[in-house]
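In the working numbering, the protein residues as written are 1 to 379.
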């Protein structure tokens with residue numbers, strides 16, 4: 001059994017903190033920087049795994065502890081041999097601890113020192129997450145990378161609440177680490193545990209959290225609680241504060257972020273891993289991301305445009321035209337959402353892949369400056 005997750009930095013950009021590396025897990029290598037498609041319930045919405053492998057070129061996907069715990073449930077997952085055995089994805093998987101989902105259940109959850117009581121969004125049944133049973137649950141799911149259970153405070157929290165929340169998250173991290181070290185993987189391969197840096201938008205709290213986590217010597221570390229309404233300049237500032245402290249020889253994962261511009265700015269500041277529902281969620285709502293900007297495929301301007309969706313994109317982009325995709329969305333055909341989701345995911349993976357190549361070539365900063373402003377413009 002592989003007894004550790006390893007990370008090697010192959011090259012660092014001379015003009016920034018961007019770096020290209022390789023994470024090695026029991027289920028394969030991950031070339032960083034990397035974007036991870038979100039498969040909340042064990043599937044990436046509307047996208048077959050074969051499409052994820054061949055067109056999107058996904059190297060790792062996410063599952064979510066909260067959702068998988070509720071449905072299909074731990075009994076089913078354990079009997080299947082974990083999520084890999086259940087859904088047939090043979091490459092690495094990362095699981096979010098469910099902290100963000102639980103704490104977003106405003107009005108139907110109760111927080112205390114021991115953990116968090118909440119009601120299922122499915123049937124209203126009561127459940128209780130603790131740092132210990134969240135570790136146990138992620139052991140059953142069998143992810144290659146597990147996340148610590150934390151409180152994700154509201155983005156506009158005041159200093160007093162943010163500080164209190166951070167102290168709770170740090171106590172919970174110690175309990176997560178203790179339980180993690182007391183237990184063994186269930187399926188014969190190593191599982192890594194990543195702590196999460198919180199602290200809202202307060203520099204001293206973010207610094208405190210990063211130092212606390214750096215001292216734990218985990219195999220990788222995550223940055224949570226950003227892209228929740230704060231100005232993007234503040235988010236970038238918090239990333240800089242945290243990454244100045246987190247170990248350079250461990251992968252850094254920015255959770256739940258974000259737009260193509262966000263990815264490039266964070267890569268420039270030393271982030272290695274990303275996830276976000278934006279490519280698929282926006283795709284299902286007819287928004288496509290490209291190097292030239294974003295396209296709303298419901299707009300009439302595409303009605304007679306018979307050029308490929310993206311001549312430089314994945315196979316799907318070259319097969320279907322803009323006019324055809326426009327028609328599918330207007331007709332509310334399910335295929336529209338599938339095509340758009342595949343396109344957006346493939347674009348995100350292409351974007352981070354291109355960033356990696358430019359880091360290795362030594363011209364990342366120049367390349368990034370030449371394209372970042374156009375990524376968010378409306379075509």
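For every residue, glycine included, the Cβ atom is placed at its ideal position computed from N, Cα and C.
Being a predicted model, the structure only gives us computed values, none of them experimental.
Check: residue i C-beta below 7 Å from any heavy atom of the ligand GDP
i           : result
residue 265 : By its list of ligands, the structure shown contains no ligand whatsoever, and the ligand GDP lies outside what it can speak to.
Among the options, the one whose alpha carbon lies nearest that of residue i
i           : options            : result
residue 12  : 67, 363, 161, 64   : 363
residue 139 : 324, 104, 74       : 74
residue 354 : 201, 264, 298      : 264
residue 61  : 91, 46, 78         : 91
residue 6   : 22, 165, 149       : 22
residue 33  : 217, 268, 118      : 268
residue 314 : 339, 324, 327      : 339
residue 274 : 261, 257, 284      : 257
residue 159 : 195, 100, 199, 278 : 199
residue 143 : 232, 102, 194, 306 : 194
residue 168 : 137, 179, 219, 209 : 209
residue 132 : 259, 176, 56, 10   : 176
residue 246 : 229, 260, 196      : 196
residue 68  : 98, 52, 54         : 98
residue 383 : 182, 361, 295, 135 : The displayed coordinates of the chain run from 1 to 379. Any statement about residue 383 would go beyond what the structure contains.
residue 467 : 134, 369, 161      : This structure gives no information on residue 467, because the portion of the chain shown stretches from 1 to 379.
residue 379 : 301, 333, 148      : 301
residue 40  : 82, 235, 276, 124  : 276
residue 94  : 104, 241, 82       : 82
residue 448 : 262, 282, 331, 278 : No answer is possible for residue 448: it lies beyond the span of the chain, which begins at 1 and ends at 379.
residue 216 : 170, 162, 88, 30   : 170
residue 35  : 367, 312, 331, 278 : 278
residue 88  : 104, 57, 53        : 53
residue 20  : 10, 334, 14, 252   : 10
residue 30  : 57, 125, 180       : 57
residue 28  : 124, 59, 55, 163   : 59
Per-residue burial, residue i [other beta carbons within 10 Å of its own, 16 or more giving buried]
i           : result
residue 129 : buried
residue 310 : buried
residue 284 : buried
residue 165 : buried
residue 231 : exposed
residue 272 : buried
residue 303 : exposed
residue 361 : exposed
residue 250 : buried
residue 369 : exposed
residue 377 : exposed
residue 331 : exposed
DSSP bridge partner residues for residue i (one or two, in chain order)
i           : result
residue 253 : 222, 273
residue 149 : In DSSP, residue 149 forms no bridge with anything.
residue 110 : 117
residue 64  : 96
residue 368 : Answer by DSSP bridge pairing: none, since residue 368 is not bridged.
residue 126 : 119
residue 32  : 21
residue 194 : 147
residue 11  : 20
Residues near residue i by beta carbon distance below 8 Å, same chain, minus five either side
i           : result
residue 308 : 317, 318, 319, 320, 321, 322
residue 86  : 42, 72, 76, 77, 80
residue 122 : 70, 71
residue 280 : 37, 38, 44, 45, 46, 47, 341, 344, 345
residue 1   : Bear in mind that the predicted position of residue 1 carries a pLDDT of just 49, short of 50, making it too unreliable to give a figure here.
residue 192 : 4, 5, 25, 144, 145, 146, 218, 219, 220
residue 388 : Residue 388 lies beyond the range of the chain shown here (1 to 379); nothing can be said about it.
residue 214 : 221, 245, 246, 247
residue 127 : 69, 70, 117, 118, 119, 120
residue 356 : 20, 31, 32, 33
Same chain, Cβ closer than 7 Å to residue i, five either side skipped, listed in chain order
i           : result
residue 329 : 286, 297, 298, 336
residue 238 : 201, 206, 226
residue 224 : 150, 152, 196, 197, 198, 255
residue 137 : 65, 69, 74
residue 241 : 203, 206, 207
residue 141 : 63, 65, 68, 77, 82, 83, 95
residue 235 : 226, 227
residue 212 : 170
Test: residue i CB closer than 8 Å to a CB of chain D
i           : result
residue 267 : The question asks about chain D, but that chain is absent: this structure has only one protein chain.
Beta-carbon contacts of residue i that lie in its chain and below 6 Å, excluding the five residues immediately before and after
i           : result
residue 18  : 267, 268, 359, 364
residue 120 : 70
residue 16  : 268, 365
residue 100 : 152
residue 51  : 342
residue 270 : 17, 243
residue 172 : 131, 149
residue 229 : 155
Handout entry: Contact the segment 287-306 vs the segment 341-355: 3+ CB pairs below 8 Å
Key = yes
Exercise for the section: Evaluate contact between the segment 153-162 and the segment 111-119, counting only Cβ atoms and requiring at least three cross-stretch pairs below 8 Å. Expected result: no
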